[in-house]
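Every letter in the sequence shown is one number past the one before it in our numbering, and letter 25, counting from 1, is 30. Ideal Cβ placement from N, Cα and C applies to all residues, glycine included.
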Amino acid sequence: MTEKKNQTALRRRRRRGYQIDLADLHALCEVNYHRLMRLFPDYEQRSDWDFAAGDVTVALEVTARGRYTTDMRLRYHSATPRVWAGSYFDLRLYHDARMAEIVHCSTSRRFEARYRYPNPDMLQRDEKYQQNRFASELLSFCLTHGRSADAVLPDADTSAP
6 MTEKKNQTAL RRRRRRGYQI DLADLHALCE VNYHRLMRLF PDYEQRSDWD
56 FAAGDVTVAL EVTARGRYTT DMRLRYHSAT PRVWAGSYFD LRLYHDARMA
106 EIVHCSTSRR FEARYRYPNP DMLQRDEKYQ QNRFASELLS FCLTHGRSAD
156 AVLPDADTSA P
């Protein structure tokens with residue numbers, strides 16, 4: 006009897022398809038916002054910031070500023086040829102909600118909330134979540150292992166007593 010119930014529940018889940026976990030996506034977008042604020046705290050005064058982490062270079066560029074939102078482009082590339090060549094994310098930061106989400110990716114068009122699977126572009130059902138997750142991991146990597154390529158070191162003469 007319980008096996009029959011399990012099969013019925015499985016059939017119902019298949020019919021419903023992929024369900025977006027909105028709480029999970031929002032939590033991820035909040036984490037992305039806070040990581041961006043730690044990496045680029047003076048985004049209001051500056052328009053770009055570069056980081057190096059191992060053989061990966063990450064560049065943040067403010068592309069638009071609004072009262073409640075800021076648009077940024079996050080470019081990443083590796084010293085290894087053909088790996089991530091010219092890849093980028095366009096992020097929108099919502100300052101009132103303290104969230105940052107990917108609105109465009111160089112590897113795909115505009116994101117839909119979910120996709121039918123299989124599809125001609127072979128996008129995953131949760132493509133938007135996965136792209137935001139990758140951005141989160143990249144930002145975390147920059148916070149942990151990165152160093153600013155824009156850092157200015159003080160002169161030895163000015164720091165001496």
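On the criterion of 16 or more Cβ atoms from any shown chain inside 10 Å, does residue i qualify as buried, or is it exposed?
| i | result |
| --- | --- |
| Ile107 | buried |
| Ala28 | exposed |
| Leu144 | buried |
| Leu148 | exposed |
| Pro159 | Bear in mind that the predicted position of Pro159 carries a pLDDT of just 45, short of 50, making it too unreliable to give a figure here. |
In chain order, what residues of the same chain lie with their CB nearer than 8 Å to the CB of residue i, ignoring the 5 residues before and after it?
| i | result |
| --- | --- |
| His100 | Tyr73, Thr74 and Thr75 |
| His31 | Met104 |
| Thr68 | Asp76, Met77, Arg78 and Asp95 |
| Arg43 | Leu148 |
| Ser141 | Leu33, Val36, Asn37 and Arg40 |
| Arg138 | Leu33 |
Please identify the residue among the options whose C-alpha is closest to the C-alpha of residue i.
| i | options | result |
| --- | --- | --- |
| Tyr62 | Cys34, Gln24 and Ala84 | The identity of residue 62 in the sequence shown is Thr, whereas the question assumes Tyr. Looking at the Cα atoms, Ala84 is the closest of the given residues. |
| Ile25 | Gln50, Ser153 and Glu132 | Glu132 |
| Cys5 | Ser92, Ala102 and Leu98 | This structure cannot speak to residue 5, because the chain is shown only from 6 to 166. |
| Ser153 | Pro46, Cys34 and Glu35 | Pro46 |
| Tyr81 | Arg43, Arg70 and Asp60 | Asp60 |
| Ser51 | Asn37, Val36, Arg70 and His39 | The amino acid occupying residue 51 in the given sequence is Arg; Ser does not appear at that position. Closest option to Arg51, Cα to Cα, is Arg70. |
Quick one: what's got a C-beta closer than 6 Å to residue i's C-beta in the same chain, skipping five residues either side?
| i | result |
| --- | --- |
| Gly151 | Phe56 and Ala58 |
| Leu41 | Ala105 |
| Leu65 | Phe45, Trp54, Met77 and Leu79 |
| Gln136 | Ile107 and Cys110 |
| Tyr134 | Leu30 |
Output needed for residue i: all residues of its chain with C-beta closer than 7 Å, excluding positions within five of it in sequence on either side, in chain order.
| i | result |
| --- | --- |
| Tyr48 | Val67 and Thr75 |
| Leu98 | Tyr38, Leu41, Thr74, Thr75, Met77 and Ala105 |
| Glu35 | Arg103 and Met104 |
| Can you list the alpha helix (DSSP H) stretches of 4 or more residues lying completely in the segment 22–48, in chain order? | If we require 4 residues or more, the alpha helix (DSSP H) runs fully inside the segment 22–48 come out as 27–44.
| task | Within the segment 55–114, note down every full beta strand (DSSP E) run reaching 3 residues or more, in order along the chain. | result | Within the segment 55–114, the complete beta strand (DSSP E) segments of 3 residues or longer fall at 61–70, 74–83, 92–99 and 104–110, listed in chain order.
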